[in-house]
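Student:
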Amino acid sequence: MFMMKKVKKGWCFFITGFGLVVGIISSFYEHNKILGVLICVGIMFLFYFFVYLVLKETRQTARMKSWKRTQKVIMAVLYFLSNILILSVLLKERYIRFWDFGGYWGVAIEISDLIFQQPIQTLQNLYYSINADEYNQLIPCILALPLRVLGKDFPMYALIIYNMFISFTYIAILGCVESLITLIDCNVKPCISALFAAIIMIPVFYLPVLLGYLDAFALLNLSLSYLIVCNFSFAKVEVKKDVLLAVSLLLSMLGRRYFLFAVLGVGIGVILMCIWQFLLASSENKKSFLFNVMKNGIVIIGTMLIPLLVFFRGFLINSSKGTIFVAYSAYQSGGMIHNYQRLVVYYGAIILFIAVIGVMYCLRRKKGLSIGIFLLSSFCISTYLFYKVQSMGNHHYYITIVPIMIFACAGGYAIYRASYGIHIFKCAMCLIAFNFIQSVIYVNPVVNLGSLFTNQRIAPLIRDDIPQIQRMVNDIDELAEEGKTVYILSSSTILNDDLVRKAYMPDKLLAVQNVYVSSHVDLRDGFSRDFLNADVILIADPVQYHLGEESQRVIGLLAEEFIEGRELSSHYSYIKDYALEGNVTVSMYEKNREFTETDCEYLRNMFDMFYSDYPDLFHNRIYRDH
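Numbering (our numbering), first residue to last: 195 to 820.
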């Protein structure tokens, strides 16, 4: 009773203090700014209160309190050093960010301004973007206030992502590992600082952050869902955990749509785990077990489906469209085996070997078998489903990292507990450390170690042709003053239309406004009519692809018309060249006469040779404006 009074009194002080702060701020600022602050604080409070509830319900907060002070100090030092590493890498960079990793940065900056100018409109845009856009504004809204307060430069932006999301991901993974180990070996407390050191030395956590991806938000929610499952007895009806699990999975999907594959993996993994537990249950308990599992399932599925059907139906429809598999097939670089080989090289075989030991440790212990089944099946299902669509980029590996790290930590613990294991454990930690160090300080090895260690590099992105890029952008901007539009036939990291638009970020979110959006992926974007309407064309020689000729014929076929002086190039006059890195020459051409019906027929025949089955994307788009 006394504690209840104490809590209520604390809340009264908090609400009163918050009201006074709002009142003071409102006397100095416009109402829109106050409303923007309240919205930002409200969004952040709701999200982190949810995170706190998960940690509390899974007893992770209690476990954290039991950690020794020495362990906490070691972990704090390691975490501080990880921040220093990120900052030191990004401060050395000379780069122009574009596409996904520049786009989200730009949206985050835009939202951090707009939410304090038009807060209600920003919320409306947020709701629309979740239902309609692949890259929605949910995560930028959470980042808006920190960006506004701490600054919008890219190093600060990346540090905000790391500290707001990855830090709690570490805690969730540690919670999963600690729960698993204490379940298998009762009353045994693992060395949490050693496990944390192993986790924080995995390059996969850093690479998407350094590139500017916001996917860490979805990763955090996914890791929370694993934490809940690892601390959930589905034989009992636990409505709180049901709702928290549903919300964590829902937020993962809404944060980044491709996390749907991970959500399916978690769902099917839970089902397989429950089937195994049902088979092991005594005959008199089977009925009640099945009944309780069904109750939990109804609450979880209902909590997820009701918001999706009522508020986010557009998101649900777009996510389930079959056309998405065709559109992203261009990002498929090989077969299933090839993709799993890439995963081995991405992590480093040494990490996955330790994880395999963890798999064996779980599956050979009766108490750890059901959790092991869940973790292994969720990993296999999510990766298999994803690889059926496309290969993974840096950020996509986030859907694999939670089960891999849980197994790797369990494997490290199993090594430690074995006979003479302390020496092998020390060797394993040294190998993990070397795997991390060689990704930061890359030295050509004397002996080819193959895929034993990761092939990824934590290094600053540097390009030396930024002055030439900016000179090109300035010339394009002058064309805008003459009312001329530009289309860029190039799709690589050296030159693309988005790079041109973002050449002066963060000072200018849009360097030029007269550059059309290029068609980059044939079966996603189709033929762009903007090519026919543009006054000026930029061509890169040699032709620049980021996927390959087979998936980017709109870029390749049209660029070759100019490079080889074919039919279409006769409609243009050469203006000037720009020399970029990689011995790439960019030529600017200005249209001197309009396309005829004969030219349109020429283009239709050109693309019908490859895409006759997709007339709405190609053939039907090529016609003259009358």
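Beta carbons are placed, not taken as given, at the ideal position from N, Cα and C, and that holds for glycine. It should be emphasised that the depicted structure is a prediction, and the values quoted were computed from it without experimental measurement.
#1: At 4 residues or longer, and completely inside the stretch 502–588: list those alpha helix (DSSP H) runs for me, N to C.
#2: Would Val398 and Ile595 be called neighbours here (beta carbons separated by less than 7 Å)?
#3: Does the pairing of the stretch 592–606 with the stretch 627–636 give three or more beta-carbon distances under 8 Å?
#4: In whole angstroms, give me the CA-to-CA distance for Phe146 and Leu249.
#5: Note the first and the last residue of the continuous beta strand (DSSP E) segment covering Val780.
#6: Drop a sphere of 10 angstroms on the beta-carbon of Gly529, count the other beta-carbons inside from all chains shown, and report buried for 16 or more, exposed for fewer.
#7: What residues match up with Arg288 in a beta bridge as DSSP calls it?
#8: So Ser781 and Asp716 are supposed to be a Cβ contact under 8 Å. How far apart are they, rounded?
#9: Using DSSP with H/G/I as helix, E/B as strand and the rest coil, what is Asp379?
#10: Please report how far the alpha carbon of Asp810 lies from the alpha carbon of Asp436, in whole angstroms.
#11: Alpha carbon to alpha carbon, what distance is there between Val235 and Leu339?
#12: Kindly indicate which three-state DSSP category Ile769 falls into: helix, strand or coil?
#13: Look up Leu826 in the DSSP assignment and say whether it is helix, strand or coil.
#14: Shortest alpha-carbon distance to Asp669 belongs to which of Leu726, Leu732 and Arg651?
#15: How would you write the range of the alpha helix (DSSP H) that Asp719 sits in, first residue to last?
#16: Out of Leu579, Phe485 and Ile511, which one is the CA nearest neighbour of Ser523?
#17: What does the alpha-carbon distance come out to for the pair Tyr420 and Met803?
#18: Which full runs of the alpha helix (DSSP H) of 4+ residues lie inside the stretch 243–314, going along the chain?
#19: Opposite Leu683 in the DSSP bridges: which residues?
#20: What residue ranges within the stretch 608–638 form continuous beta strand (DSSP E) runs of no fewer than 3 residues, ordered along the chain?
#21: When DSSP builds the beta bridges, which residues end up paired with Leu774?
#22: My assumption, with CB atoms under 8 Å, is that Leu438 sits in contact with Leu240. Please give the rounded CB distance.
#23: Please confirm if the stretch 697–714 is in contact with the stretch 756–767, defined as three or more CB-CB distances below 8 Å between the two stretches.
#24: Select from Leu683, Gln650 and Phe568 the residue whose C-alpha is nearest the C-alpha of Asn425.
#25: Just how far apart, CA to CA, sit Tyr681 and Leu726?
#26: Any chance the stretch 528–545 sits against the stretch 445–453, with 3 or more Cβ pairs inside 8 Å?
#27: If you check the beta carbons only, do Ser730 and Glu676 fall under 7 Å apart?
#28: Tell me which residue opens and which closes the alpha helix (DSSP H) that Gln471 is part of.
Tutor: In terms of the structure at hand:
#1: 507–514, 517–521, 530–541, 543–557 and 563–583
#2: yes
#3: no
#4: Since the first and last residues shown for the chain are 195 and 820, residue 146 lies out of range.
#5: Val778 to Lys785
#6: exposed
#7: Ile656
#8: 23 Å between Cβ atoms; not a contact.
#9: coil
#10: 44 Å
#11: 8 Å
#12: strand
#13: The displayed coordinates of the chain run from 195 to 820. Any statement about residue 826 would go beyond what the structure contains.
#14: Leu732
#15: Asp716 to Asp719
#16: Leu579
#17: 48 Å
#18: 254–260, 263–285 and 293–311
#19: Ile733
#20: none
#21: Val778
#22: Not really, about 13 Å apart at Cβ, beyond 8 Å.
#23: no
#24: Phe568
#25: 9 Å
#26: no
#27: Looking at the sequence shown, residue 730 is not Ser but Val. Not closer than 7 Å, so no.
#28: Leu454 to Leu474
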